[in-house]
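Asks: Below you'll find the structure I mean.
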Amino acid sequence: MIYTVLTIFIIGLFLVTSQKETIIKSLNKMYNCFDIADYFVRKAKEEGQGVDPMKLLKLTYIAHGWYLGFKDKPLFLNQVQAWKHGTVIPELYHVIKRYGSGYVDKSTLELYTENKIKKEDESFLNAIWNQYKQFSGGQLSDKTHEEGTPWQTSYNGLHNVTIPTERIKEYYKNLIAEKRGQ
């Protein structure tokens, strides 16, 4: 009897441990915000453009939002916050803020990138880039401040207000539904 209980316990422990390893491996394959930002900096350079910190923050956030809307999963796990001047990914902001209104240098982000962008996600990010590259950081910020946006429904005059991922996903899913209904 004790042998059977012990065997079941060991098998259960093995299954839990193997599931944990699978979850950890899948999380390690996820991108971080620097992977996505680095992609946009490289894309801008390829096209002879530059990208300032505000534009880079907004592009990275917008890509995350559309990804949530289309794929039901986050593009990266970094927290998104509502600050006075819009949506901010704090980890990214603190690395690129030193550029002020100048262009972000790819080498700054290379220190933080961990994952190579997969082909399917590269196509997705190209679509985001092509849709939004003509806008300035200020214009993209204005878009994230519109009525009903996750920033607008989260920001309440306080600094560092986390925008729930579910709120971002719901907003972008609604945009997708609206566009499909046209």
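Numbering (full-length UniProt numbering), first residue to last: 1 to 182.
Positions of the beta carbon are idealized from the N, C-alpha and C atoms, including for glycine.
Quick caveat: nothing in here was measured; it's all calculated off a predicted structure.
Can you tell me the Cα-Cα spacing of E114 and D72, whole angstroms?
Replies: Using only the alpha carbons, I get a separation of about 22 Å.
Asks: Can you name the residues that DSSP bridges to Y99?
Replies: Answer is none; Y99 lacks a bridge partner.
Asks: Which word fits T162, buried or exposed, when buried means at least 16 other C-beta atoms lie within 10 angstroms of its C-beta?
Replies: It counts as exposed.
Asks: Run the CB neighbour count on P164, radius 10 Å, all protein chains shown included, and call it buried at 16 or more, exposed below.
Replies: Counting Cβ neighbours within 10 Å, P164 comes out exposed, since fewer than 16 surround it.
Asks: DSSP state of T87, grouped into three classes?
Replies: Here T87 sits in strand by DSSP.
Asks: For N28, name the three-state secondary structure that DSSP assigns.
Replies: Because the pLDDT of N28 is 48, which lies under 50, any placement of that residue in the model is unreliable, and the number read from its coordinates should be weighed accordingly. It is helical.
Asks: Does the pairing of the stretch 72–91 with the stretch 32–39 give three or more beta-carbon distances under 8 Å?
Replies: Counting Cβ pairs under 8 Å, three or more are found: they touch.
Asks: What is the DSSP secondary structure of T149, reduced to helix, strand or coil?
Replies: The answer is coil: DSSP assigns T149 none of H, G, I, E or B.
Asks: Ignore the nearest five residues each way along the sequence and tell me which others in K25's own chain have a CB closer than 6 Å to its CB.
Replies: Annotation note: pLDDT 40 at K25 (below 50); position unreliable, no value reported.
Asks: Select from S154, L56, Q152 and Y172 the residue whose C-alpha is nearest the C-alpha of S101.
Replies: Looking at the Cα atoms, L56 is the closest of the given residues.
Asks: Exposed or buried, A82, counting other C-beta atoms within 10 Å across all chains shown (16 or more means buried)?
Replies: Under this definition A82 is a buried residue.
Asks: Is it buried or exposed, A177, if we count other Cβ atoms within 10 angstroms and call 16 or more buried?
Replies: By the neighbour-count rule (16 or more Cβ atoms within 10 Å), A177 is not buried but exposed.
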